[in-house]
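Participant:
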Amino acid sequence: MKKLLILAVAIFAVQMTSAQAKERGQKAMDLSAEEMATIQTKKMTLFLDLNKSQQDNVYQVNLENAKLRKAHMAERKAKKESAEATKPSKEERVAMMNKMLDHKIAVKAKMKDILNDEQYEKWEKAQARRHAKMKEKAKNKRKGKRA
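Quick note on numbering: the sequence shown equals residues -21 to -1, 1 to 126 in mature numbering (1 follows the signal peptide of the UniProt record, and there is no 0).
1) State the start and end residues of the unbroken alpha helix (DSSP H) segment that holds K91.
2) Should E20 and V37 be called a contact, given that it needs their Cβ atoms to be closer than 8 angstroms?
3) In the structure shown, what three-state DSSP assignment does N30 receive?
4) Tell me the DSSP secondary structure of A50 in three-state form.
5) At what residues does the alpha helix (DSSP H) containing A107 begin and finish?
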């Protein structure tokens, strides 16, 4: 009986965790591109101590990125709902990767123009930490672990 109770509690905990993760993802979908860009810019202002001119320029970069992310999320959602969710071919994956990397290079160049050397170095380190964290999450997800 005790084992059954522990099993039931464990199942409930897993369901709550997955529900919270879905809710977090849904909250990002509920924000407009402008709201996403504003929040990201304010976080960067606090982290990098941006001046007003830098804030305006960073906001434009963040707005462009947020609009792109929203479009990609909507496209993926539409494909998923219409049952067209097939895995891309090797050529499609390569094309998507090249497009994504070109965009990252462009964003990096824009940020280098906007930020001073110290801010840019700090931003790059934060980006590297973020990338490593995302890579670790993906690795754990493939292994079946929770982050």
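Every residue gets a Cβ at the ideal spot worked out from N, C-alpha and C, and that includes glycine.
Computed from a predicted model, the values in this text were never measured in an experiment.
Facilitator: If we stick to the structure as given:
1) As a working mapping, residue 91 is identified with position 112 in the sequence shown. Residues K69 to I93.
2) Stepping through the sequence shown from its first residue, residue 20 is reached at position 41. Stepping through the sequence shown from its first residue, residue 37 is reached at position 58. For clarity, residue 20 is Thr in the given sequence; the question names Glu instead. Yes, Cβ-Cβ distance for T20 and V37 is below 8 angstroms.
3) Position 51 of the sequence shown, counting from 1, holds the residue named residue 30. Residue state, collapsed to three classes: coil.
4) Sequence index remark: in the sequence shown, residue 50 carries index 71 (1-based). Here A50 sits in helix by DSSP.
5) In the sequence shown, residue 107 corresponds to position 128, counting from 1. Counting along the chain, the alpha helix (DSSP H) containing A107 begins and ends at D96 to K122.
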